[in-house]
Amino acid sequence: MELKEITTGRRENGGSPIFTLQRVQIGLIFAAYLFVGLNSGAFGVILPYLSNTYGLDKGTTGLLFLAGSGGYVMAAFVSSWLSLRLGLRYFIVVGLGLFCLGSFTMGIQAPFLLVLVARLLLGLAMATLETGGNFYVTALPRNTALLNYLHALFGAGALLGPIVATLLVGWGWQLVFWLWLILGSLLVLGFFIAFRRLPPAVELAPVHPDNPGAGGLMWKTMQLSVVWWAVLFLLLYVGGESSVGSWTYTYLSQGQHLETVLAGGLVSVYWLGLTLGRLAMGWATGRMHLSDRFMLLGCVVGSGFGILLIWGGANQPFVVGLGLLITGFFYGPIYPTTLALISRIIAPVFVPSMIALLTSLSILGIAVFPWLAGVLFDQAGLGIFAPYNLVLGGTMLISGLILLRKKHVI
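The C-terminal position of the sequence shown is numbered 410 in our numbering, with every residue numbered one higher than the one before it.
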């Protein structure tokens, strides 16, 4: 196959479109996102078993989250440099290799200090996979739709992860990580074979080791105000999404005194809404021709309406479930749509660095805002669950309005 076939999608003789290699590559990117979602969703099930095995209290258990977030922060500063030197193929392969190493360390039940290192590696690896996947899809036509489908796969993985973990932990929580090691190894093989040739728009040209171009690109990217507004917007978004996901069960079971099975089912409704929202946005983008700006603003407002339903529907499980479904549905498309929007208003040369920064720094929202929510709940009670998330949503709306004022920056 000639490279021209990949980039134009047609045979030399004018036949029907063929994207065979590109479809395989997109399929692998989607599989990697499903894989990351599986790991993220499963960890909550594994956590109590980890705590029991190592005799951890809640404070020490929190170090596992900090270590994982630390891996994402580290990725913010090395992803651009590493990707430009290795190219996309080896960049993703290295990320998968780190994931396999972290999974192996967890699987052999290493000492707790090494477990923290493994969590750091897993965080770095997941950030690498997300950055590489986001960059590949962002460089393609119809990237808003594809990015929403891509992130829907993450949501599907997050839904399936707890099920997979629950089925395996009976034989030992370590078995989950051995499964991740096997799946990660298969993905390494797939990316190594299928990513030998890439469309020019996707390929990250290697930089000579003596050329400081990668560091210079990151520095120049960090000087763009639109990037920092996007970081703030997504930091608030990730904080809101994770706060709802992390505290809804506690709010419903302890604050609203619902049965634990019902509370758990309503949490699943939220994650289902998140996945459906991304699928719906991917479908609508190619058919309704709505602007990214309009969709992004509509999603922020829609998620706020869902939170209001949760607040107003106290002690009414159906109304709360509807509110959670709506909140998840409108939260879902925000992240991928933001990436697509920013990739079109900055110069292409800055896109890899921008994606690395947004992917890695926004993840701090997972560490900061659910923790802050816990502190506030201790002081004021679970009754402020909805107001807290409304304040986050309002702040996100303000930062989003400023972000959406930006046109073609450079």
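Each residue gets a CB set at the ideal place from its N, CA and C atoms; glycine is no exception.
_Cβ-Cβ separation, residue 188 to residue 98 (assumed contact under 8 Å), whole Å_ = Incorrect: roughly 11 Å between the Cβ atoms, too far for contact.
*Buried or exposed: residue 275, going by 16 or more other Cβ atoms within 10 Å of its Cβ?*
buried
*What's the C-alpha gap between residue 50 and residue 20?*
43 Å
*For residue 64, collect the residues of the same chain with a Cβ closer than 8 Å to its Cβ; drop the 5 residues on either side in sequence, then sort them by chain order.*
47, 50, 115, 116 and 119
*Thinking residue 253 and residue 370 are a contact (beta carbons under 8 Å), I'd like their distance in whole angstroms, please.*
Wrong, their Cβ atoms sit about 17 Å apart, outside the cutoff.
*Sequence-distant residues of the same chain with beta carbon closer than 7 Å to residue 30, five excluded per side*: 150 and 153
*How is the alpha helix (DSSP H) around residue 415 delimited, first residue to last?*
What is shown of the chain runs 1 to 410, which leaves residue 415 out entirely.
*Report all residues from its chain with a CB closer than 8 Å to the CB of residue 405; omit the five preceding and five following residues, and keep chain order.*
none
*Quick one, which of 264, 126, 342 and 292 has its alpha-carbon nearest residue 321's?*
Nearest of 264, 126, 342 and 292 to residue 321, Cα basis: 264.
*Going by C-alpha distance, which of 401, 373 and 402 is nearest residue 388?*
Ranking 401, 373 and 402 by Cα distance to residue 388 puts 373 first.
*Could you name the residues of the same chain whose beta carbon sits closer than 7 Å to that of residue 450, not counting the 5 residues immediately before and after it, in chain order?*
The question about residue 450 has no answer here: the residues shown for the chain are numbered 1 through 410.
*residue 315 classed as buried or exposed, judged by whether at least 16 other C-beta atoms fall within 10 angstroms*: Flag for residue 315 reads exposed.
*Run through DSSP, which three-state label would residue 394 get?*
Residue state, collapsed to three classes: helix.
_Distance, residue 250 Cα to residue 348 Cα_ = 44 Å
*Does the beta-carbon of residue 205 have 16 or more other beta-carbons within 10 angstroms, so that it is buried, or is it exposed?*
In this prediction, residue 205 scores a pLDDT of 44, lower than 50, which makes its location untrustworthy; the coordinate-derived value is nonetheless stated afterwards. Residue 205 comes out exposed.
*Is residue 166 buried or exposed, if buried means 16 or more other CB atoms sit within 10 Å of its CB?*
exposed
_Only counting the same chain, and skipping five residues up and downstream in sequence, which positions put a Cβ closer than 8 Å to that of residue 308?_
323, 386 and 390
_Out of 159, 302, 360 and 102, which one is the CA nearest neighbour of residue 397?_
302
*asked:* For a quick check, are the C-beta atoms of residue 305 and residue 25 less than 8 Å apart?
replied: no
*Looking at the unbroken alpha helix (DSSP H) that takes in residue 292, where does it start and where does it end?*
292-312
*Over what stretch of residues does the alpha helix (DSSP H) that includes residue 165 continue unbroken?*
143-168
*asked:* Taking the alpha carbon of residue 310 as the reference point, which residue from 325, 70, 191 and 277 has its own alpha carbon closest?
replied: 325
_Contacts around residue 402, its chain only, beta-carbon distance under 8 Å, and the 5 residues preceding and following it disregarded_ = 229
*asked:* So residue 135 and residue 221 are supposed to be a Cβ contact under 8 Å. How far apart are they, rounded?
replied: Not quite, the Cβ-Cβ distance comes to about 13 Å (not below 8 Å), so this is no contact.
*asked:* residue 328 and residue 270 - do their beta-carbons sit closer together than 8 Å?
replied: yes
*CB-CB length for residue 84 against residue 333, believed under 8 Å*: Taking the Cβ atoms as the reference, residue 84 lies roughly 29 Å from residue 333, outside the contact range of under 8 Å.
*Test item: CB-CB of residue 74 and residue 124 under 8 Å*: yes
*Reduced DSSP secondary structure (H/G/I, E/B, other) of residue 207*: The pLDDT assigned to residue 207 is 41, lower than 50, so where the model puts this residue is not dependable; a value taken from the coordinates is nonetheless given after this. Note: residue 207 maps to coil in three-state DSSP.
*asked:* Going by DSSP, what residue range makes up the alpha helix (DSSP H) through residue 178?
replied: Per DSSP, residue 178 is one residue of the alpha helix (DSSP H) stretching across 174-194.
_Among 93, 90, 121 and 92, the one whose alpha carbon lies nearest that of residue 105_ = 121
*Could you check how far apart the C-beta atoms of residue 295 and residue 337 are, in whole angstroms? I think they sit under 8 Å.*
6 Å
_Backbone secondary structure at residue 332 - three-state DSSP_ = coil
*Nearest-angstrom Cα separation, counted from residue 185 out to residue 317*: 43 Å
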